[in-house]
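Accompanying notes for the structure given below.
Residue numbers (my numbering): 1 to 107.
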């Protein structure tokens with residue numbers, strides 16, 4: 001039986017609906033590590049992880065995606081961005097961490 005991993009978030013539930021076997025739920029960054037270590041056969045991983053690691057293959061028509069704005073990652077600050085000394089991040093989110101890196105590289 002395949003060892004399948006899925007993110008703990010509600011928007012991923014339709015992707016595993018009907019699967020008769022066991023599904024292991026974890027945070028995105030943990031799923032990436034578990035697939036890379038051979039602990040899982042299949043898992044939802046971030047697009048950044050897919051680009052970073054050549055072991056992955058895309059399964060057609062299976063994704064959590066949007067063709068418009070998504071506000072799940074927000075950076076809020078009252079002053080100039082150059083005044084920011086430190087930013088707190090959720091280490092469970094591969095996407096948030098890497099999107100922030102991209103945004104800050106543009107500044």
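All C-beta atoms, glycine included, are put in the ideal place defined by N, C-alpha and C.
Here the alpha carbon of residue 24 sits roughly 11 Å from the alpha carbon of residue 30.
One Cα belongs to residue 38, the other to residue 53, and the distance between them is close to 13 Å.
Taking 8 Å as the upper bound for CB-CB distance, residue 103 and residue 87 are not in contact here, some 10 Å apart. One alpha carbon belongs to residue 71, the other to residue 96, and they sit about 11 Å apart. Contact between residue 98 and residue 48 holds, with the beta-carbon distance rounding to 4 Å and staying under 8 Å. Between the beta-carbon of residue 15 and that of residue 62 there is about 6 Å, and that keeps the pair under the 8 Å contact cut. Assigned with DSSP and collapsed to three states, residue 25 falls in strand.
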